[in-house]
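Asks: Here it is, the structure in full.
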Amino acid sequence: MTEARQYAADFYLRLRHRCRALIKTCGGIECAADLSRVSQAHIGRYGAPDGRDWMPADVIADLEKDIGEPVVSRALVQALGFEVVKLPDGRWDGDINQQLAAMFKEVGEVTHHIGECLADDGEITPDECRAHRLRKEIDDALQVLVGMKQRVKQIEEGA
(Lines of atoms letter the chains of each structure in order from A and count residues from 1; the text may use other names and numbers.)
(Lines give C-alpha, C1' and ligand atoms only; values in the text may rest on other atoms or scores of the structure.)
Protein backbone atom coordinates (compact mmCIF):
# COMPACT_ATOMS: atom_id res chain seq x y z
CA MET A 1 0.00 0.00 0.00
CA THR A 2 1.42 3.39 -0.97
CA GLU A 3 1.20 6.43 1.22
CA ALA A 4 -0.95 9.14 -0.30
CA ARG A 5 0.57 12.54 0.41
CA GLN A 6 -0.87 15.97 -0.30
CA TYR A 7 2.43 17.86 -0.20
CA ALA A 8 5.90 17.37 -1.65
CA ALA A 9 8.47 15.46 0.40
CA ASP A 10 10.39 18.64 1.28
CA PHE A 11 7.34 20.00 3.11
CA TYR A 12 7.30 16.98 5.40
CA LEU A 13 11.04 17.36 6.01
CA ARG A 14 10.45 21.00 6.99
CA LEU A 15 7.74 19.84 9.39
CA ARG A 16 10.21 17.41 10.95
CA HIS A 17 12.68 20.28 11.26
CA ARG A 18 10.01 22.41 12.96
CA CYS A 19 9.29 19.56 15.39
CA ARG A 20 13.01 19.35 16.24
CA ALA A 21 13.13 23.12 16.71
CA LEU A 22 10.08 22.98 18.98
CA ILE A 23 11.64 20.23 21.11
CA LYS A 24 14.93 22.14 21.34
CA THR A 25 13.17 25.38 22.30
CA CYS A 26 11.31 23.53 25.05
CA GLY A 27 14.66 22.55 26.55
CA GLY A 28 15.31 19.25 24.82
CA ILE A 29 13.80 15.79 24.70
CA GLU A 30 13.58 15.29 28.47
CA CYS A 31 11.86 18.62 29.10
CA ALA A 32 9.49 18.13 26.15
CA ALA A 33 8.49 14.72 27.51
CA ASP A 34 7.85 16.25 30.95
CA LEU A 35 5.58 18.87 29.34
CA SER A 36 3.51 16.35 27.40
CA ARG A 37 1.88 12.95 27.67
CA VAL A 38 4.50 11.08 25.63
CA SER A 39 7.80 9.45 26.51
CA GLN A 40 11.29 10.69 25.74
CA ALA A 41 11.62 7.91 23.17
CA HIS A 42 8.55 9.13 21.32
CA ILE A 43 9.69 12.75 21.48
CA GLY A 44 13.02 11.71 20.01
CA ARG A 45 11.36 10.00 17.05
CA TYR A 46 9.15 12.95 16.07
CA GLY A 47 12.00 14.91 14.53
CA ALA A 48 13.75 12.03 12.75
CA PRO A 49 13.95 12.85 9.02
CA ASP A 50 13.18 9.27 7.99
CA GLY A 51 10.81 8.45 10.84
CA ARG A 52 7.23 7.29 10.51
CA ASP A 53 6.01 8.73 13.82
CA TRP A 54 4.48 12.20 13.75
CA MET A 55 3.99 14.49 16.71
CA PRO A 56 0.29 14.39 17.74
CA ALA A 57 -1.69 17.64 17.74
CA ASP A 58 -2.15 17.62 21.53
CA VAL A 59 1.60 17.28 22.07
CA ILE A 60 2.25 20.15 19.65
CA ALA A 61 -0.32 22.22 21.59
CA ASP A 62 1.30 21.43 24.95
CA LEU A 63 4.82 22.28 23.78
CA GLU A 64 3.83 25.42 21.88
CA LYS A 65 1.86 26.65 24.89
CA ASP A 66 4.98 26.24 27.02
CA ILE A 67 7.16 28.35 24.72
CA GLY A 68 4.43 30.77 23.63
CA GLU A 69 5.16 30.39 19.94
CA PRO A 70 3.35 28.33 17.25
CA VAL A 71 6.51 26.77 15.77
CA VAL A 72 4.84 23.75 14.14
CA SER A 73 1.30 25.11 13.93
CA ARG A 74 2.49 28.12 11.92
CA ALA A 75 3.99 25.83 9.26
CA LEU A 76 0.75 23.86 9.02
CA VAL A 77 -1.41 26.98 8.79
CA GLN A 78 0.85 28.58 6.18
CA ALA A 79 0.77 25.40 4.08
CA LEU A 80 -2.99 25.93 3.80
CA GLY A 81 -2.49 29.51 2.65
CA PHE A 82 -3.26 31.26 5.93
CA GLU A 83 -1.17 33.31 8.34
CA VAL A 84 -0.96 33.21 12.11
CA VAL A 85 -1.62 36.53 13.84
CA LYS A 86 -1.16 36.85 17.59
CA LEU A 87 -4.28 38.10 19.30
CA PRO A 88 -3.76 41.33 21.21
CA ASP A 89 -3.77 41.11 24.99
CA GLY A 90 -7.00 42.83 26.04
CA ARG A 91 -6.81 45.40 23.25
CA TRP A 92 -10.41 44.86 22.25
CA ASP A 93 -11.68 45.84 25.70
CA GLY A 94 -11.96 49.50 24.98
CA ASP A 95 -13.27 52.36 23.02
CA ILE A 96 -13.44 51.72 19.28
CA ASN A 97 -12.09 55.25 18.72
CA GLN A 98 -8.91 54.39 20.63
CA GLN A 99 -8.55 51.28 18.53
CA LEU A 100 -9.07 53.28 15.37
CA ALA A 101 -6.32 55.67 16.45
CA ALA A 102 -4.01 52.73 17.19
CA MET A 103 -4.77 51.24 13.78
CA PHE A 104 -3.92 54.52 12.01
CA LYS A 105 -0.69 54.75 14.01
CA GLU A 106 0.41 51.21 13.13
CA VAL A 107 -0.55 51.45 9.45
CA GLY A 108 1.18 54.84 9.34
CA GLU A 109 4.38 53.27 10.67
CA VAL A 110 4.24 50.56 8.01
CA THR A 111 3.67 53.20 5.32
CA HIS A 112 6.54 55.32 6.68
CA HIS A 113 9.02 52.43 6.69
CA ILE A 114 8.04 51.26 3.21
CA GLY A 115 8.34 54.85 1.98
CA GLU A 116 11.88 55.05 3.38
CA CYS A 117 12.78 51.82 1.60
CA LEU A 118 11.40 53.08 -1.71
CA ALA A 119 12.83 56.60 -1.44
CA ASP A 120 16.25 56.13 -3.02
CA ASP A 121 15.61 53.69 -5.88
CA GLY A 122 11.92 52.77 -5.93
CA GLU A 123 12.69 49.20 -4.83
CA ILE A 124 12.65 47.33 -1.54
CA THR A 125 15.67 45.10 -0.95
CA PRO A 126 15.96 42.20 1.50
CA ASP A 127 18.41 44.26 3.59
CA GLU A 128 15.91 47.12 3.76
CA CYS A 129 13.16 44.71 4.83
CA ARG A 130 15.35 43.55 7.70
CA ALA A 131 16.69 46.99 8.62
CA HIS A 132 13.21 48.47 8.82
CA ARG A 133 11.75 45.31 10.38
CA LEU A 134 8.91 45.42 7.88
CA ARG A 135 7.41 42.07 8.82
CA LYS A 136 7.29 43.04 12.50
CA GLU A 137 5.72 46.39 11.66
CA ILE A 138 3.09 44.67 9.51
CA ASP A 139 2.46 42.09 12.24
CA ASP A 140 1.90 44.93 14.73
CA ALA A 141 -0.66 46.51 12.38
CA LEU A 142 -2.40 43.17 11.83
CA GLN A 143 -2.58 42.61 15.57
CA VAL A 144 -4.40 45.92 16.03
CA LEU A 145 -6.78 45.10 13.16
CA VAL A 146 -7.54 41.68 14.64
CA GLY A 147 -8.28 43.39 17.95
CA MET A 148 -10.64 45.79 16.20
CA LYS A 149 -12.34 42.87 14.50
CA GLN A 150 -12.86 41.21 17.89
CA ARG A 151 -14.26 44.44 19.35
CA VAL A 152 -16.69 44.83 16.43
CA LYS A 153 -17.78 41.24 17.00
CA GLN A 154 -18.42 42.07 20.67
CA ILE A 155 -20.45 45.12 19.65
CA GLU A 156 -22.50 43.02 17.21
CA GLU A 157 -23.19 40.50 19.95
CA GLY A 158 -24.22 43.22 22.40
CA ALA A 159 -21.21 42.96 24.70
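Read in order, the letters of the sequence shown correspond to residues 1 to 159 in my numbering. We put the CB at the ideal spot given by N, CA and C, even for glycine.
Provide the residue span of the alpha helix (DSSP H) that contains F11, from first to last.
Replies: Taken as a continuous stretch (DSSP letters only), the alpha helix (DSSP H) holding F11 covers 9-25.
Asks: Put V84 into one of helix, strand or coil per three-state DSSP.
Replies: Note: V84 maps to coil in three-state DSSP.
Asks: Find the nearest neighbour of L63 within the set D121, A79, T25, judged by alpha-carbon distance.
Replies: L63 has its Cα closest to that of T25, out of D121, A79, T25.
Asks: Given this structure, state the Cα-to-Cα distance separating E123 from G115, to the nearest angstrom.
Replies: Looking at the two C-alpha atoms, the distance is approximately 10 Å.
Asks: Tell me the DSSP secondary structure of I124 in three-state form.
Replies: Coil.
Asks: Which one of V144, Y12, L22 has the shortest CA to CA distance from E69?
Replies: Measuring from the Cα of E69, the nearest candidate turns out to be L22.
Asks: Using 8 Å for Cβ pairs, my map puts Q98 next to V144. What's the rounded Cβ distance?
Replies: The pair is not a contact, with the Cβ atoms about 10 Å apart (cut-off 8 Å).
Asks: For the alpha helix (DSSP H) containing A159, list its first residue and its last residue.
Replies: Taken as a continuous stretch (DSSP letters only), A159 belongs to no alpha helix (DSSP H), as it is neither H nor E.
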